[in-house]
Amino acid sequence: MDAALLLSKVDELPRLPKAISELLDVVNDSQATIKGISSKLAQEPIVSAKVLRMANSAYFGNSREVASLDEAVVRLGMQKLRTLVIASALVGAVPKSNHVDLSEFWGNTFEVACFCQVVAKVAKSQPEEAFTCAILHNIGDLLIATMMADSAVEIKALIDAGGGLEASQVAVLGYAAADIGALMADNWKFPVSLVDGIRFQNHPDETSPYCELAGLLYFAKKVIADWDTIEDHGRTSWLATTANVAGLKIPMDGLAERLAAIRGQGYAMGKMLA
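According to the numbering used here, the sequence shown is numbered sequentially starting from 4.
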């Protein structure tokens, strides 16, 4: 990676809108109250609408529809509410592009986020942080498409000729999408653990100390990509092998069934929010 070249891009990265930045400050404040978050949310109708849509999605919802922000706050609880607010705010804050199908982009992003969250729960880790990290995990790809359209065309040509995605990005840009995504997450003042999760999502074995968020992202992306190529009877052993490569120590009992049950739910939620 060309670190100097990457750092030169800092001033070109999109900034969080002030209103969104203030909203994230509120939800990330450990002293924040449900009433305070609800009040701040009411000032951001677009984010509020997205939060309600997520609260009523198949993944987060239940049998009774959440009809108001106050009800969403009470029904979801503080941790889930924080996650939904952050995700909804980020969907609205990232740059739009004529070169990217945002419905498809966010569908794939949220599918990874849902898988990461479920696996983090099984691992008795931090599922809300895992979900947030996954929402940002491929933001670098979106930035390349929006800020570096000519380079994106060159990268696609290399991939079409048989090159790997990350290797093609480095060949053209001097760095990978994960590097610029991590830089933006750092710029937006997300925790170091989340920044490292994004940066090392394709190489969790290179982290020292080990970054579990990177391992979760690697695992979720690999499982989603290869799921349909694995026979049902071999899925548990395949998940165990994939977890081992990712450096994760997670119990396998019932994991295949839990992941099968949520397949497609994140994809549907992301497309709904785009």
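Don't be surprised by glycine CBs; every beta carbon is placed ideally from N, CA and C.
Computed from a predicted structure; not experimentally measured.
When the beta-carbon positions are compared, Thr-245 and Lys-225 come within less than 8 angstroms of each other. For Phe-113, the three-state secondary structure derived from DSSP is helix. Between Cys-136 and Leu-197, the gap from beta carbon to beta carbon is short of 8 angstroms. The three-state reading of DSSP puts Phe-63 in coil, since its state is none of H, G, I, E or B. The residues Pro-98, Lys-99, Ser-100, His-102, Val-103, in chain order, have a CB closer than 8 angstroms to that of Thr-149 in the same chain once the five nearest residues on each side in sequence are set aside. Glu-47 and Ala-22 do touch by the CB rule: their CB atoms are close to 6 angstroms apart, below 8 angstroms. Contact check between the stretch 231-243 and the stretch 167-178: fewer than three CB pairs, one atom from each, fall below 8 angstroms, which does not count as touching.
Non-local beta-carbon contacts of Ala-58 in its own chain, meaning distances under 8 angstroms to residues more than five positions away in sequence, involve Gly-64, Val-69, Ala-75, Arg-78, Leu-79, Leu-87 in chain order. Taking C-beta separations shorter than 7 angstroms and ignoring five residues to either side along the sequence, the partners of Pro-130 in its chain run Gln-120, Ala-123, Lys-124, following chain order. Boundaries of the alpha helix (DSSP H) harbouring Lys-53: 48-58, taken from the DSSP string. Scanning the stretch 71-111 for uninterrupted alpha helix (DSSP H) segments of 4 residues or longer gives 72-96, listed from N- to C-terminal end. The residue among Ala-188, Ala-277, Asn-205 with its C-alpha nearest the C-alpha of Glu-169 is Asn-205. In the structure shown, Glu-234 adopts coil according to DSSP, grouped into three states. Cβ-Cβ distances below 8 angstroms link Leu-72 to Ser-41, Leu-44, Ala-45, Ser-51, Val-54, Leu-55 in the same chain, with the five nearest sequence neighbours on each side left out; the list follows chain order.
Distance from the CA atom of Ile-265 to the CA atom of Ala-228, rounded to whole angstroms, is 15 angstroms. By the CB criterion at 8 angstroms, Gly-184 and Ile-142 fall inside the cutoff.
Residues Ile-183 of the same chain have their beta carbon placed closer than 6 angstroms to that of Leu-146, with the five preceding and five following residues left out of the count.
Between the alpha carbons of Ala-133 and Tyr-62 lies a gap of roughly 15 angstroms. In the DSSP annotation of this structure, the continuous segment of the alpha helix (DSSP H) that includes Lys-274 starts and ends at 268-276. Counting every other CB atom within 10 Å of its CB across the protein chains shown gives Val-195 a total below 16, marking it as exposed.
C-alpha of Val-156 to C-alpha of Ile-162: approximately 10 angstroms in a straight line. Within the stretch 170-196, not a single complete beta strand (DSSP E) segment reaches 3 residues in length. In the displayed model, Cys-119 falls within a helix according to three-state DSSP.
Cβ neighbours of Arg-261 within its own chain (closer than 8 angstroms, five residues either side excluded): Val-121, Val-125.
The three-state reading of DSSP puts Ala-35 in coil, since its state is none of H, G, I, E or B. Per DSSP, Cys-136 is one residue of the alpha helix (DSSP H) stretching across 130-139.
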